[in-house]
Amino acid sequence: MVSINTTIEVDLTGQCAAESIGHIQISGTGGQADNVIGAQIFPEGKLIIALYSTS
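Letter by letter, the sequence shown follows residues 318 to 372 of the numbering used here.
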């Protein structure tokens with residue numbers, strides 16, 4: 318299983334911010350964690366977190 322999801326930003330420790338920027342809500346809660354867990358429980362599962370790039 319390959320799980321692909323997007324995020325808004327990633328810090329230097331690998332934590333993803335996928336729901337809001339400050340007080341501005343971008344998406345609903347949930348989903349991101351479900352994708353991570355799903356990729357972990359499947360043998361040979363892969364998780365891809367994509368970021369939008371402007372350069």
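Just so you know, even glycine gets a beta-carbon here, dropped at the ideal spot from N, CA and C.
Give the DSSP bridge partners of threonine 323, in chain order. DSSP lists Ala367 as partners of threonine 323.
Looking at the structure shown, is glutamine 349 part of a helix, part of a strand, or coil, going by DSSP? Of the three classes helix, strand and coil, the one that applies to glutamine 349 here is helix, per DSSP.
With which residues is isoleucine 358 paired in a DSSP beta bridge? The partner list for isoleucine 358 (beta bridge, DSSP) is empty, contrary to what the question assumes.
So, are the CB atoms of isoleucine 366 and cysteine 333 less than 8 Å apart? Less than 8 Å separates the beta-carbon of isoleucine 366 from that of cysteine 333.
Could you say which of Leu329, Ala335, Gly331 and Asp328 lies nearest to asparagine 322 if we only look at CA atoms? When each option's Cα is compared against that of asparagine 322, the closest is Ala335.
Given a cut-off of 8 Å on the beta-carbon distance, is the pair valine 319 and lysine 363 in contact? Result yes, Cβ atoms of valine 319 and lysine 363 sit closer than 8 Å.
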